[in-house]
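Enquirer: In the UniProt record's numbering, the protein residues as written are 1 to 147.
Just so you know, even glycine gets a beta-carbon here, dropped at the ideal spot from N, CA and C.
Structural data, given as structure tokens:
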């Protein structure tokens, strides 16, 4: 069992000094336990997470700066600073930064399941197809591209 220790993760630091680079985005781990995991995300303009589904986790994004275009449950939505995006387990979603600026946010999932292990396995991995393959091994299923 992974328990969450009490304390503060400083603004510029990662929990356990962990920072991942995933397909052009930077994820800084802020909290990790069996019940949940949180990370600060930096999405440069033009980066995105393609549509996918978490079958065993609820996912949330609190927008700190910038704008995200979302595809959530078959609908196109927009989220800006101060908005909270709720992505329940089993609901397809994709996150895109088409704003012309860098966007930042705090993501978290509950429960954690094997998401940390996935991020460790895809850190600095340049091949999107291999990212998709490894994600499927960790309960994150990417959807096929639209026809």
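Nearest CA to the CA of residue 8: which residue from 72, 32, 22 and 66?
Expert: The residue with the shortest Cα to Cα distance from residue 8 is 32.
Enquirer: CA-CA distance, residue 108 and residue 69?
Expert: Each residue's alpha carbon lies about 18 angstroms from the other.
Enquirer: In the DSSP assignment, what are the bridge partners of residue 59?
Expert: Paired residues: 87 and 109.
Enquirer: Three or more beta-carbon pairs under 8 angstroms between the region 50–63 and the region 100–118, yes or no?
Expert: The region 50–63 is in contact with the region 100–118.
Enquirer: What are the residues that DSSP puts in a beta bridge with residue 75?
Expert: Answer is 72.
Enquirer: How far does the beta strand (DSSP E) with residue 142 in it extend, from its first residue to its last?
Expert: 140–142 is the span of the beta strand (DSSP E), which, as asked, contains residue 142.
Enquirer: If you draw a straight line from the C-alpha of residue 16 to the C-alpha of residue 143, how long is it?
Expert: Cα-Cα distance, rounded: 32 angstroms.
Enquirer: When we look at the beta-carbon of residue 49 and count the other beta-carbons within 10 Å, is it buried (16 or more) or exposed?
Expert: Result: buried.
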